[in-house]
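Chemist: Read the sequence shown against our numbering and you will find it ends at 292, with the numbers running on by one and no gaps. Think of the CB as a built atom: it goes at the ideal place given N, C-alpha and C, for glycine as much as any other residue. Given the structure is predicted, the values throughout are model-derived calculations rather than measurements.
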Amino acid sequence: MRIDVITLFPEIFQPFLTASIVGRARQAGIVEIHTHQLRDYSQDPHKKVDDRPFGGGPGMVLMCQPVIDAVRAVESLDPRPALRIVLTPQGRRFDQEVARRLAGQPRLLLICGHYEGFDERILALLQPEELSLGDFVLSGGEPAAMAVIDALVRLLPGALGNEAATEEESFEGARLEYPQYTRPREFAGLSVPDVLLSGNHAAIAAWRRAQSEERTRRRRPDLLGPHAAVVLNVSGWSSAGSSWAGSVSSASAREQFSV
Ligand SMILES: C[S@@+](CC[C@H](N)C(=O)[O-])C[C@H]1O[C@@H](n2cnc3c(N)ncnc32)[C@H](O)[C@@H]1O
Numbered sequence: 034m035r036i037d038v039i040t041l042f043p044e045i046f047q048p049f050l051t052a053s054i055v056g057r058a059r060q061a062g063i064v065e066i067h068t069h070q071l072r073d074y075s076q077d078p079h080k081k082v083d084d085r086p087f088g089g090g091p092g093m094v095l096m097c098q099p100v101i102d103a104v105r106a107v108e109s110l111d112p113r114p115a116l117r118i119v120l121t122p123q124g125r126r127f128d129q130e131v132a133r134r135l136a137g138q139p140r141l142l143l144i145c146g147h148y149e150g151f152d153e154r155i156l157a158l159l160q161p162e163e164l165s166l167g168d169f170v171l172s173g174g175e176p177a178a179m180a181v182i183d184a185l186v187r188l189l190p191g192a193l194g195n196e197a198a199t200e201e202e203s204f205e206g207a208r209l210e211y212p213q214y215t216r217p218r219e220f221a222g223l224s225v226p227d228v229l230l231s232g233n234h235a236a237i238a239a240w241r242r243a244q245s246e247e248r249t250r251r252r253r254p255d256l257l258g259p260h261a262a263v264v265l266n267v268s269g270w271s272s273a274g275s276s277w278a279g280s281v282s283s284a285s286a287r288e289q290f291s292v
C-alpha cells in the first residue's frame with residue numbers, strides 16, 4: 034500500500050513515521066508513506082498558498098492552484114489510482130469501519146488543510162472523500178491524517194507482530210474490548226480476576242466475552258444498535274453489573290482502579 038500526504042507541515046510527520054508500528058511497517062515494506070510540501074507547488078513567487086476569503090471574515094483560505102497542482106503532481110508519481118481524502122471537520126466521522134475500508138485500498142492521498150480550510154472549488158474539482166476526526170476543530174489536518182494512517186496501518190497484514198491482536202480490539206464486532214491485566218497479580222490491594230489465572234481457556238474466553246458485552250452496554254450502547262435496550266432487558270443484564278456467574282466485579286477495571 035502507498036500513502037501520500039500533502040501538507041504545509043511535513044516535519045510534523047517525521048517522528049510519527051519512523052516510530053512504533055507505523056515505522057516498523059514502513060521498514061518491512063508493508064506500507065510506503067510519502068509527505069509532500071504543499072508550498073512547493075505554488076506558482077506564486079513567494080510560495081503563497083492562501084488568501085483572504087471573498088466576502089470578508091477572519092483568517093485565510095487555501096487557494097485552488099497550489100492544491101490542485103500538488104494533487105496532480107503527486108498522483109503522477111505512481112500508476113496506481115489514489116483514493117483522495119481531505120481531512121476536514123465537515124466530513125464523515127472517521128471510525129474503525131472506515132479504517133478497515135481504507136486499509137484495503139492500494140493507494141491513498143491525504144490532503145491536510147490549514148488556516149480557515151479549503152476554497153470550496155478544490156472539493157468540487159477533486160471530489161475527494163471528506164473525513165473528520167470528530168466534532169472539534171483542529172488547527173490543521175495533520176493530527177487527523179496521522180490518526181487515519183495509524184488506525185489503518187495496524188490493520189495491514191503483518192503490521193502487528195500478533196495477527197490476532199486486532200481481532201479482539203475495541204470496535205471489532207461492534208464491541209469494546211474486555212479489561213486487560215498484567216503482572217503483578219496484586220497491586221495496591223487490587224487483584225487480577227481469578228479466572229484469568231485459572232489456565233481454563235474456555236472460562237477465560239467466556240469471561241472476556243461477558244466483560245466485553247457488559248462494558249459495551251454500559252459505556253457505548255450506541256454500538257449495539259437501536260434495539261440494545263430491549264436485548265438488555267430480555268437477557269437480564271443490568272446497568273449495575275454483569276449477570277455472568279462468577280464475574281469478579283460489576284465495576285469495570287478503570288472504575289476499580291480509580292484512586
Ligand atoms: C481551523 S480548521 C478549518 C475549520 C473550518 N474553518 C471550519 O469551520 O469548518 C483547519 C484545517 O484543520 C483540519 N481539521 C480541523 N478539524 C478537523 C477535524 N475535526 N477532522 C479533520 N480535520 C480537521 C482541516 O484540514 C481544516 O482544513
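#1: Return the CA-CA distance between H234 and A132, expressed in angstroms with no decimal places.
#2: Taking 8 Å as the cut-off, decide whether the C-beta atoms of E246 and F42 are in contact.
#3: Rounding to the nearest angstrom, what Cα-Cα distance links L188 and R250 in this structure?
#4: Relative to the C-alpha of Q160, which residue among G206, F151, R113, L166 is closest?
#5: In chain order, what residues of the same chain have a beta carbon less than 8 Å from the beta carbon of A180, not counting five sequence neighbours either side?
#6: Leaving out the 5 sequence neighbours to the left and right, which residues in its chain are closer than 6 Å to P122 when beta-carbon positions are compared?
#7: Give me the DSSP bridge partner(s) of S53.
#8: Quick one: what's R140 bridged to in DSSP?
#9: Where S224 and I45 are concerned, what is the direct C-alpha to C-alpha distance, given to the nearest angstrom?
#10: Which value, in whole angstroms, describes the spacing of the CA atoms of L265 and A178?
#11: Could you tell me which residues DSSP puts in a beta bridge with C145?
#12: Mind checking which residues open and close the beta strand (DSSP E) that includes F164?
#13: Quick check: is any heavy atom of ligand 1 less than 7 Å from the C-beta of F87?
#14: Would you kindly work out how many angstroms separate the C-alpha atoms of G332 and Y214, rounded to a whole number?
#15: Closer than 7 Å by C-beta to G26: which residues in its own chain qualify, once you throw out the five before and the five after it? Chain order, please.
#16: Could you give the DSSP three-state label for I155: helix, strand or coil?
#17: Which residues in the same chain have their Cβ closer than 8 Å to the Cβ of R140, if we skip the five residues on either side of it in sequence?
#18: How about T68: is its Cβ closer than 7 Å to a heavy atom in ligand 1?
#19: Assuming V119 and I101 are in contact, meaning their beta carbons sit under 8 Å apart, how far apart are those beta carbons, in whole angstroms?
#20: In three-state terms, what does DSSP make of R85?
#21: Return yes when at least one heavy atom of ligand 1 lies under 7 Å from the C-beta of G10, else no.
#22: Using 8 Å for Cβ pairs, my map puts V94 next to D83. What's the rounded Cβ distance?
#23: Excluding the 5 residues flanking R216 on each side, which residues of the same chain have their C-beta closer than 6 Å to its C-beta?
Modeler: Inspection of the coordinates gives the following:
#1: 31 Å
#2: no
#3: 25 Å
#4: F151
#5: F127, L166
#6: S165, V170
#7: None, per the DSSP bridge assignment.
#8: R35
#9: 41 Å
#10: With a pLDDT of only 46 at L265, under 50, the local geometry of the prediction cannot be trusted, and no value is derived from it.
#11: L120
#12: The sequence shown places Leu at residue 164, not Phe. Unbroken beta strand (DSSP E) run through L164: 162-165.
#13: no
#14: Residue 332 lies beyond the residue range present for the chain, which begins at 34 and ends at 292; the question has no answer from this structure.
#15: The chain is shown from 34 up to 292; residue 26 falls before or after that span and cannot be answered.
#16: helix
#17: M34, R35, I36, D37, D111, R113, P114, A115, L116
#18: no
#19: Contact flag wrong, Cβ pair sits at about 12 Å.
#20: coil
#21: Examination of residue 10 is not possible in this model, given that the chain is present from 34 through 292 alone.
#22: 6 Å
#23: none
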